[in-house]
Amino acid sequence: MALLQIAEPGAVAQEPASRKLALGIDLGTTNSLVAHVSDGDVKVLPDGSGDVCLPSVVHFGAEGTLVGSAAEALAVSAPHDTIASAKRYLGRSREELAADSYTKLAESGLAFETSQGPVTPVEVSAALLGALRDRALSSLDMPIAGAVITVPAYFDDAQRLATRQAAELSGLNVLRLLNEPTAAAVAYGLDSGEEGVVAVYDLGGGTFDVSILRLERGVFEVLATGGDSSLGGDDFDQRIVKLLRDEASLHSLSVAQERALLRCARSAKEALTTASEIEVQLDSIISGSGAVTVTRQAFNSACADLVNRSLDACRQCVADAGVSQIDQIVLVGGSTRMPIIGEVVAALFGKEPLNSIDPDRVVAMGAARQADLLIGNRDAEDLLLLDVIPLSLGVETYGGLVERIVPRNTTIPVARAQEFTTAKDGQTGLIVHVVQGERERVEDCRSLATFELEGIPPMVAGAARLEVTFQVDADGLLEVKAQEATTQATASVVVKPAFGLAEDDIATMLRAGYEHASEDMRARQLAEAKVEAEQLVAGIRAAVTSDGDLLSGIEHEALMTAVNELVDASQDDNNIESLRKAIEVTGRASELLAARRMDRSIKSALGGISVATLEGEAES
Numbered sequence: 024m025a026l027l028q029i030a031e032p033g034a035v036a037q038e039p040a041s042r043k044l045a046l047g048i049d050l051g052t053t054n055s056l057v058a059h060v061s062d063g064d065v066k067v068l069p070d071g072s073g074d075v076c077l078p079s080v081v082h083f084g085a086e087g088t089l090v091g092s093a094a095e096a097l098a099v100s101a102p103h104d105t106i107a108s109a110k111r112y113l114g115r116s117r118e119e120l121a122a123d124s125y126t127k128l129a130e131s132g133l134a135f136e137t138s139q140g141p142v143t144p145v146e147v148s149a150a151l152l153g154a155l156r157d158r159a160l161s162s163l164d165m166p167i168a169g170a171v172i173t174v175p176a177y178f179d180d181a182q183r184l185a186t187r188q189a190a191e192l193s194g195l196n197v198l199r200l201l202n203e204p205t206a207a208a209v210a211y212g213l214d215s216g217e218e219g220v221v222a223v224y225d226l227g228g229g230t231f232d233v234s235i236l237r238l239e240r241g242v243f244e245v246l247a248t249g250g251d252s253s254l255g256g257d258d259f260d261q262r263i264v265k266l267l268r269d270e271a272s273l274h275s276l277s278v279a280q281e282r283a284l285l286r287c288a289r290s291a292k293e294a295l296t297t298a299s300e301i302e303v304q305l306d307s308i309i310s311g312s313g314a315v316t317v318t319r320q321a322f323n324s325a326c327a328d329l330v331n332r333s334l335d336a337c338r339q340c341v342a343d344a345g346v347s348q349i350d351q352i353v354l355v356g357g358s359t360r361m362p363i364i365g366e367v368v369a370a371l372f373g374k375e376p377l378n379s380i381d382p383d384r385v386v387a388m389g390a391a392r393q394a395d396l397l398i399g400n401r402d403a404e405d406l407l408l409l410d411v412i413p414l415s416l417g418v419e420t421y422g423g424l425v426e427r428i429v430p431r432n433t434t435i436p437v438a439r440a441q442e443f444t445t446a447k448d449g450q451t452g453l454i455v456h457v458v459q460g461e462r463e464r465v466e467d468c469r470s471l472a473t474f475e476l477e478g479i480p481p482m483v484a485g486a487a488r489l490e491v492t493f494q495v496d497a498d499g500l501l502e503v504k505a506q507e508a509t510t511q512a513t514a515s516v517v518v519k520p521a522f523g524l525a526e527d528d529i530a531t532m533l534r535a536g537y538e539h540a541s542e543d544m545r546a547r548q549l550a551e552a553k554v555e556a557e558q559l560v561a562g563i564r565a566a567v568t569s570d571g572d573l574l575s576g577i578e579h580e581a582l583m584t585a586v587n588e589l590v591d592a593s594q595d596d597n598n599i600e601s602l603r604k605a606i607e608v609t610g611r612a613s614e615l616l617a618a619r620r621m622d623r624s625i626k627s628a629l630g631g632i633s634v635a636t637l638e639g640e641a642e643s
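Here it is, written out as structure tokens:
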């Protein structure tokens, strides 16, 4: 397996003339940053005003496109032309885009309607990445050889693909997509050199990730990942919005007023980081609304369920990692500045989190170190990084069941293969249905893609040999290939689903997998028994059709009675025990016919051959 090596600080730097410029980019929901390595140190690049954070906001006005603070200033006056938090919509469905009340959905496609026409989330992200690229070019005056761009650990294939497309659209060469918690762990590991088990708690503007990593003798291994792709600082902002609306009785607001109220809420949240209460003036939104006092205690109470969602994900991730002790906790993301976050995380893990690196900068810094390595500026001798996939990958099998090929938390890059066969006689084609999730039934998992393998030679059921290979690259992108052994017929698909998770995010899927484990296992056993019953019934009926004359009338009636009772038992979804018993009874009832068919087959094969001939062949 290919391992990614990352060099520690202190290695001898190459001569400036031989170095290539590689960027580390944190493409965030609320803010985005760009960093690079210079003389062994990581530097986060500021704009002309000295700000390192670029607000992840883009304005697509009739006069042109604005990015960052300039775009953010127009969010109230031109809400439909101003797109914020576009990262949440990368790889998502049209229905999910429509849920954003601050924007106007285009008439068709996955796009927002602006004064410049339809704009996709990919194009919004491309504009942000282009602004960061221009910042680097103006600051460093060197050509950019490539960039490492970070993504939430729980980004699925569609979201990762959309991120890569945005980077390519902006003119950046993508060296690798790197999970945000992993990038943070790289930054802290390189800086501190500590060994042990590290928990990375990453609460950004739109997503929450938690990762458990082990650092031992220079090797970073990601033991488990978890999180919630629909939990972030934006959700905490909305809780203050609700407090303000309820207290001031603000109803039926325009889009512009909604945007203004959201800005007030975000400012109040940031102020409550240091203040115990804050007075929010609302007259600028609706005349005569006055001021509303928001206390930190009221804010914490309103957000208790959001905080608990993150803690539940942490507990599950620790359980998945199979560790009994956490040595260090790293806080990542601007939302971790909320005092309540530090308090609950410290209480959960029994120790104070690390805070020596700015939580806004740590992801970009880790990405920059990795970019510097991948571009060839460092020898990469001392530190290894092993990443994992967050959810199991598999295929649908007969009976609507899931056969997992790549289990969750498998180290990537990875390639896994498994053999399958046909379910029916004479089958010449096979539809491969690729799914993702932790449930036993296909209907409870997420469908990723389907493709068809043709050219299978017609054989009896179970004779064909079909190899299905799953390959996940370092970016977490998936390719699936199916091949028939006899003809070498091959079909494949690079998984490029049209949208990401619709209703249930990945964290919910994981939780459901654990909550329904017993139920799912029983459902799987029932489905497997039904498949066995179906195949047994089909086999007996085919045998009776061809060789029913081998049975007497009474024998035939007894066998068909057993078959009919098996068919009836297969219709009952509540009594697997009765079905198993019916399978056993029918199997025994068919033994007489099977034995007589075997005798007939042997006699037919030996017809006209003398005993002497057989003895002669045996001796030779």
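So the sequence shown is residues 24 to 643, counted in our numbering.
Ideal Cβ positions, reconstructed from N, Cα and C, are used throughout, including at glycine.
Taken in chain order, the unbroken stretches of beta strand (DSSP E) that lie wholly in the region 323-356 and span 3 residues or more are 351-355.
Annotation for residue 363: the continuous alpha helix (DSSP H) segment containing it runs 362-372.
Bounds of the alpha helix (DSSP H) holding residue 587 are 576-593. Secondary structure at residue 204: helix, using DSSP grouped into helix, strand and coil. The continuous alpha helix (DSSP H) containing residue 186 extends over residues 180-192.
Using a C-beta cut-off of 8 Å, the region 355-365 makes no contact with the region 165-185, since fewer than three inter-stretch Cβ pairs fall below that distance.
Residue 308 sits in coil when the DSSP states are folded into three classes, being neither helix nor strand. According to DSSP, residue pairing for residue 417 in a beta bridge involves 427, 458. Taking 9 Å as the cut-off, the beta carbon of residue 198 is found no closer than this to the beta carbon of residue 494.
Just so you know, the alpha carbons of residue 205 and residue 172 end up roughly 12 Å apart. By the neighbour-count definition (other C-beta atoms within 10 Å, threshold 16), residue 389 is a buried residue. DSSP places residue 603 within a helical segment (H, G or I) once states are collapsed to three.
Residues of the same chain with a CB within less than 7 Å of the CB of residue 288, apart from the 5 flanking positions on each side, are 260, 263, 264, 267 in chain order. Of the candidates 464, 578, 571, 464 places its Cα closest to the Cα of residue 548. For residue 557, the three-state secondary structure derived from DSSP is helix.
One Cα belongs to residue 485, the other to residue 451, and the distance between them is close to 12 Å. Judged by DSSP in its simplified three-state form, residue 66 adopts strand. About 7 Å separates the beta carbons of residue 355 and residue 203, which is inside the 8 Å limit, making them a contact pair.
Of 435, 222, 316, the smallest CA-CA separation from residue 376 is found for 222. Annotation: the continuous beta strand (DSSP E) that includes residue 477 extends over 469-477. Only buried fits residue 53, as 16 or more other CB atoms lie within 10 angstroms of its CB.
DSSP places residue 225 inside the beta strand (DSSP E), whose first and last residues are 219-226. Counting along the chain, no beta strand (DSSP E) covers residue 464, and no H or E run does either. Sequence-distant Cβ neighbours of residue 285 in its own chain, meaning closer than 7 Å and more than five residues away, are 260, 264. A contact between stretches requires three or more CB pairs, one per stretch, nearer than 8 Å, and the region 562-576 meets this requirement with the region 607-627. Shortest Cα-Cα distance from residue 502 to any of 459, 328, 516, 225 involves 516.
Under the three-pair Cβ rule at 8 Å, the region 601-615 counts as touching the region 556-570. The region 441-451 and the region 473-491 touch, with no fewer than 3 CB-CB distances between them shorter than 8 Å.
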